[in-house]
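Encoded as structure tokens, the structure appears first; notes follow it.
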Amino acid sequence: MRSLARKSPTSEQGADTTSENRVYRHSTAVFALTLAAAACLAPRSTGASGERPAANAINREEIEQAGAANAYDLIQKLRPLWFRARGPTSFRDPVEIGVYVNEVHVGSLAELRNYQTEEIAKLEFLDARRATYRFGPGNVHGAIVLTTRTTAR
3 MRSLARKSPT SEQGADTTSE NRVYRHSTAV FALTLAAAAC LAPRSTGASG
53 ERPAANAINR EEIEQAGAAN AYDLIQKLRP LWFRARGPTS FRDPVEIGVY
103 VNEVHVGSLA ELRNYQTEEI AKLEFLDARR ATYRFGPGNV HGAIVLTTRT
153 TAR
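Those letters in the sequence shown? Residues 3 to 155, per my numbering, in order.
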């Protein structure tokens, strides 16, 4: 009858297992370091000045490079997520992102089509909290702030 008891590994087998574990751990560490180095060296999208564009702003340099006709098209091309309403919605209060030109509320997103890119110094998106702090209540979905070149000078 065969014994069901397990034989203990010989010292030679134990050495092989330990050696394999070391090789595995070493190759895993080398892979992780290589991956981390590649992530650090990966090219980033930057403007001509070498700075990374801000997610909540569009500067004059980006405006000139975009080749859009008006503010609406510019945002649609460079920061389309600005047009997505955030926060609570209801049937009584329609989803609307506030639009401000030179700190004055001008209406809805459609107003952005009235401003040619040559007139724009910068555009900025404010989340609901920042928009409410800056412009008061009524900005539960955020705000887009357009500054014209004549005001920025």
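Cβ atoms here follow ideal geometry from the backbone N, Cα and C, with glycine treated the same way.
If you're wondering where the values come from, they're calculated on a predicted model, not measured in any experiment.
Rounded Cβ spacing between residue i and residue j (contact assumed at less than 8 Å)
i    : j    : result
A123 : R151 : 5 Å
A70  : K79  : 5 Å
V103 : L111 : Between L111 and V103 the Cβ distance is about 12 Å, and since that is not below 8 Å, they are no contact.
Cβ-Cβ distance between residue i and residue j below 8 Å
i    : j    : result
E126 : N58  : yes
N61  : T119 : no
Run of the alpha helix (DSSP H) containing residue i, from where it starts to where it stops
i    : result
A70  : No alpha helix (DSSP H) contains A70, which DSSP labels as neither H nor E.
T134 : 130-137
For residue j and residue i, the rounded distance between their alpha carbons
i    : j    : result
L128 : T30  : 43 Å
L83  : G140 : 20 Å
I99  : E64  : 22 Å
H143 : R136 : 14 Å
G49  : R81  : Here G49 scores only 48 on pLDDT, less than 50, and its place in the model should not be relied on; the value that follows carries that caveat. If I take the Cα positions, the gap works out to 15 Å.
D75  : R115 : 7 Å
T149 : R27  : 56 Å
Y117 : I77  : 12 Å
Nearest candidate by alpha-carbon position, reference residue i, set the options
i    : options               : result
F85  : T149, A145, Y117      : A145
V147 : G138, H107, R131, Q67 : H107
Residue i, enclosing beta strand (DSSP E) - first and last residue
i    : result
T150 : 145-150
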